[in-house]
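**Q**
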DNA sequence: CCAAGGGGTGAATCGTGATTCACTTCTTTG
DNA sequence: CAAAGAAGTGAATCACGATTCACCCCTTGG
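Chains as they are written, first to last, in this note's numbering: chain D, 1 to 220; chain A, 221 to 440.
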């Protein structure tokens, strides 16, 4: 024998791989899936197209991984947000999680939209579905606690969780959607929704009521 | 001059046009967007590919029209469902609309999924967004009534409407999604959700609570 | 230094459908 | 019937990206 991969080469390999993933994520965050053909990803990562294929069997696999990482980050953040209010009522934990989610989404709209709603190919869609379930579960767990402790009325926590995920996503869709009007993804300020604070407040009110708690503060 | 289009030819023209639209709708209802390349549509409609382009400037335009028609039908149905309980409380009107929507969706899953969530091209996505707004407005109107009459607590009807649209869509997504696992769109029975009646009941409970009304009956 | 294995490259190839268009067929009107 | 103006046809073309692969350049261990 004359060659065997060593620690150093392995490190380089890993580094290149993550450069590729990072490049893909950047491009998605900038302009969504359409903005990220393999050639562009390779370019951004500073490698040749072929190199991408040396690290990933297909574009789908690459993007599945990108989605997985990015979504996991969001789920973790939401869980952490909710956990920050650990001792509190289920309602405030849900509110905290929702708020975390919403703020992060608004801070990185393009990416949030890509993760939540942009049309993607089936393999990637599967990842998306998976993470929607994760969100649902984060919520369902809190709701289940609340029901057990008698704080919340009896209900199916999973159904409630799924519905809330949808509600939050849809409520954000307006503000998030890059004015999906068939034209390119423009950056122009939204004319609708308007105030993100009002939106978040409405959303929290909605979520609170939806789980069967009367919100303390009410928006108009 | 020697030729001018007459009533009869015009009628034929219209007939062909709607055959094409109908064919596209059928194909979508059977297997979604991917199942409907222009060639297949033409074939199903019994015309040549070129003919499709004589009636529509592009595939996008054709499918936008298809989506428009199909979605309008659904919105109308939902509105009608809600209107059936016209004199009743806002809560029961919302419940009626939700139930109508859900039952129709479950009856034509593929189509519902295509209309609600399947990845489509931008021009068609724009139509989808448009109709999501319509749904939202149907709900928002009822909520606004309820708020005005004092039946419902103060809230932003549009925000509530949007959130409910998302909630309903997401709750249905599991049952509707053709097991979007990267494989083809299989017909195999769903393993999750299970009982559609339970799902509908949960959904109605959720919607009722979300608008700030205590549901009369509760599911577990 | 050499041979053995990778890793990297990117132009060429492929696949998939949308779209075109030169030509044929049908209608209408003089 | 002839001319004029659609409407219909479908094979050929195009566009666009993903994917391949023959070839070059490192690194490793003897």
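The beta-carbon is built from N, C-alpha and C at its ideal position, and this holds for glycine as well. Being a predicted model, the structure only gives us computed values, none of them experimental.
Determine whether the Cβ of residue 119(D) lies closer than 8 Å to any Cβ atom of chain A.
**A** Your numbering for residue 119(D) matches position 119 in the first chain. Yes, residue 119(D) counts as interfacial toward chain A.
**Q** Which class does residue 120(D) belong to by DSSP, given the choice of helix, strand or coil?
**A** Along the first chain, read from residue 1 onward, the residue named residue 120(D) stands at position 120. Residue state, collapsed to three classes: coil.
**Q** Please report how far the alpha carbon of residue 422(A) lies from the alpha carbon of residue 315(A), in whole angstroms.
**A** Taking the first residue of the second chain as position 1, residue 422(A) is located at position 202. Taking the first residue of the second chain as position 1, residue 315(A) is located at position 95. The alpha-carbon atoms of residue 422(A) and residue 315(A) are separated by roughly 11 Å.
**Q** Ignore the nearest five residues each way along the sequence and tell me which others in residue 247(A)'s own chain have a CB closer than 7 Å to its CB.
**A** Locating residue 247(A) in the second chain gives position 27, counting from the first residue. Around residue 247(A): 255, 256, 260, 261, 264.
**Q** Looking at the C-beta of residue 54(D), does it have a partner C-beta in chain A at a distance below 8 Å?
**A** Translated into positions along the first chain, residue 54(D) becomes position 54. Residue 54(D) does not count as touching chain A.
**Q** Within its chain, find whatever has a CB closer than 7 Å to the CB of residue 290(A); leave out the 5 residues flanking it on each side and keep chain order.
**A** Counting from one through the second chain, the residue named residue 290(A) turns up at place 70. The residues are 245, 331, 335.
**Q** Tell me the rounded alpha-carbon separation between residue 240(A) and residue 199(D).
**A** Numbered from 1 along the second chain, position 20 holds the residue referred to as residue 240(A). Numbered from 1 along the first chain, position 199 holds the residue referred to as residue 199(D). Looking at the two C-alpha atoms, the distance is approximately 42 Å.
**Q** Three Cβ pairs or more, each shorter than 8 Å: is that satisfied between the region 344–360 of chain A and the region 369–381 of chain A?
**A** yes
**Q** Within 8 Å of any Cβ in chain A, is that where the Cβ of residue 104(D) sits?
**A** Indexing the first chain from 1 puts residue 104(D) at position 104. No, residue 104(D) lies away from the interface with chain A (no Cβ there is under 8 Å from its Cβ).
**Q** Alpha carbons only, please: which of 320(A), 311(A), 229(A), 425(A) is nearest the one belonging to residue 369(A)?
**A** Counting from 1 along the second chain, the entry for residue 369(A) is found at position 149. Ranking 320(A), 311(A), 229(A), 425(A) by Cα distance to residue 369(A) puts 311(A) first.
**Q** Use the C-beta contact count for residue 339(A): other C-beta atoms within 10 angstroms, 16 or more gives buried, fewer gives exposed.
**A** Residue mapping note: residue 339(A) aligns to position 119 of the second chain, counting from 1. Buried.
**Q** Closer than 6 Å by C-beta to residue 82(D): which residues in its own chain qualify, once you throw out the five before and the five after it? Chain order, please.
**A** In the first chain, counting from the first residue as 1, residue 82(D) sits at position 82. Excluding residues within five positions, the ones whose Cβ falls inside 6 Å are 93, 96, 97.
**Q** Can you tell which of 433(A), 395(A), 431(A) has the C-alpha that lies nearest to the C-alpha of residue 322(A)?
**A** If you number the second chain from 1, residue 322(A) lands on position 102. With respect to the C-alpha of residue 322(A), the residue from 433(A), 395(A), 431(A) having the closest C-alpha is 395(A).
**Q** Since residue 387(A) and residue 167(D) are thought to touch, with beta carbons under 8 Å apart, how far apart are those beta carbons, to the nearest angstrom?
**A** Within the second chain, numbered from 1, the residue matching residue 387(A) stands at position 167. Within the first chain, numbered from 1, the residue matching residue 167(D) stands at position 167. Indeed they touch by this definition, with Cβ atoms about 4 Å apart.
**Q** What are the residues in the region 232–255 of chain A lying within 7 Å of chain D by C-beta distance?
**A** none
**Q** Are the C-beta atoms of residue 369(A) and some chain D residue less than 8 Å apart?
**A** Here residue 369(A) corresponds to residue number 149 of the second chain, with the count starting at 1. Closer than 8 Å: no.
**Q** Is the beta carbon of residue 367(A) sitting closer than 8 Å to the one on residue 377(A)?
**A** Start at 1 with the first residue of the second chain, and residue 367(A) comes out as number 147. Start at 1 with the first residue of the second chain, and residue 377(A) comes out as number 157. Yes, the pair counts as a contact, with Cβ atoms nearer than the cut-off.
**Q** Quick one: Cα of residue 239(D) to Cα of residue 55(D), how far?
**A** Examination of residue 239(D) is not possible in this model, given that chain D is present from 1 through 220 alone.
**Q** Counting only the same chain and skipping the five closest in sequence on each side, list residues whose C-beta sits under 7 Å from that of residue 226(A).
**A** For this step, residue 226(A) is matched to residue 6 along the second chain. Around residue 226(A): no qualifying Cβ.
**Q** Taking only beta-carbon positions, decide if residue 155(D) is within less than 8 Å of chain A.
**A** Mapped onto the first chain, residue 155(D) falls at position 155. It does: the Cβ of residue 155(D) has a partner Cβ on chain A nearer than 8 Å.
**Q** Taking the alpha-carbon positions, what's the residue 106(D) to residue 342(A) distance?
**A** Counting from 1 along the first chain, the entry for residue 106(D) is found at position 106. Counting from 1 along the second chain, the entry for residue 342(A) is found at position 122. Near 22 Å, if we compare the C-alpha coordinates of residue 342(A) and residue 106(D).
**Q** Using C-beta distances below 7 Å, list every residue in its chain close to residue 304(A), excluding the 5 sequence neighbours before and after it, in chain order.
**A** Counting from 1 along the second chain, the entry for residue 304(A) is found at position 84. The answer, listed in chain order, is 316.
**Q** Return the CA-CA distance between residue 196(D) and residue 99(D), expressed in angstroms with no decimal places.
**A** Position 196 of the first chain, counted from the first residue, corresponds to residue 196(D). Position 99 of the first chain, counted from the first residue, corresponds to residue 99(D). Residue 196(D) and residue 99(D): Cα-Cα distance of roughly 11 Å.
**Q** Does residue 74(D) come within less than 8 Å of chain A when only Cβ atoms are used?
**A** To locate residue 74(D), count along the first chain from 1; it is residue 74. With respect to chain A, the C-beta atom of residue 74(D) has no partner C-beta closer than 8 Å.
**Q** Suppose you measure from the CA of residue 352(A) to the CA of residue 129(D); what does that come to, to the nearest Å?
**A** On the second chain, residue 352(A) is found 132 positions in, with the first residue counted as 1. On the first chain, residue 129(D) is found 129 positions in, with the first residue counted as 1. Spanning the two alpha carbons is a distance of roughly 20 Å.
**Q** For the region 259–291 of chain A, enumerate the residues whose C-beta is nearer than 7 Å to any C-beta of chain D, in chain order.
**A** none
**Q** Smallest Cα separation from residue 360(A): which of 299(A), 269(A), 231(A), 393(A)?
**A** Locating residue 360(A) in the second chain gives position 140, where the first residue counts as 1. When only C-alpha atoms are compared, the closest one is 299(A).
**Q** Whose Cβ in chain A lies nearer than 9 Å to the Cβ of residue 146(D)?
**A** The residue labelled residue 146(D) in the question sits at position 146 within the first chain. Ordered by position in chain A, no residue passes the 9 Å Cβ test against residue 146(D), which lies about 13 Å from the chain.
**Q** Report the neighbours of residue 425(A) on chain D: residues whose CB is nearer than 8 Å to its CB, in chain order.
**A** As a first step, residue 425(A) is located in the second chain; it is residue number 205 there, counting from the start. Under the 8 Å cutoff, chain D gives 155.
**Q** Around the Cβ of residue 432(A), are there at least 16 other Cβ atoms within 10 angstroms (buried) or fewer (exposed)?
**A** Here residue 432(A) corresponds to residue number 212 of the second chain, with the count starting at 1. Buried: at least 16 other Cβ atoms inside 10 Å.
**Q** Helix, strand or coil for residue 3(D) per DSSP?
**A** On the first chain, position 3 is the one that residue 3(D) refers to. Three-state result, residue 3(D): coil.
**Q** Going by Cα to Cα distance, which pick from 88(D), 74(D), 16(D), 109(D) is closest to residue 233(D)?
**A** Absent from the model: residue 233(D). The displayed extent of chain D is 1 to 220, so no value can be given.
**Q** Using the three-state DSSP reduction, which class does residue 452(A) fall into: helix, strand or coil?
**A** Since the first residue of chain A shown is 221 and the last is 440, residue 452(A) is not available in this structure.
**Q** Go ahead and label residue 411(A) buried or exposed: buried means 16 or more other beta carbons lie within 10 angstroms of its beta carbon, across all protein chains shown.
**A** As a first step, residue 411(A) must be located in the second chain, where it is residue number 191. Reliability of the predicted coordinates at residue 411(A) is poor, the pLDDT of 38 falling under 50, and no value is obtained from them.
**Q** In chain order, what residues of the region 159–174 of chain D put their CB closer than 8 Å to some CB of chain A?
**A** 159, 160, 162, 163, 164, 165, 166, 167, 168, 169, 170, 171, 173, 174
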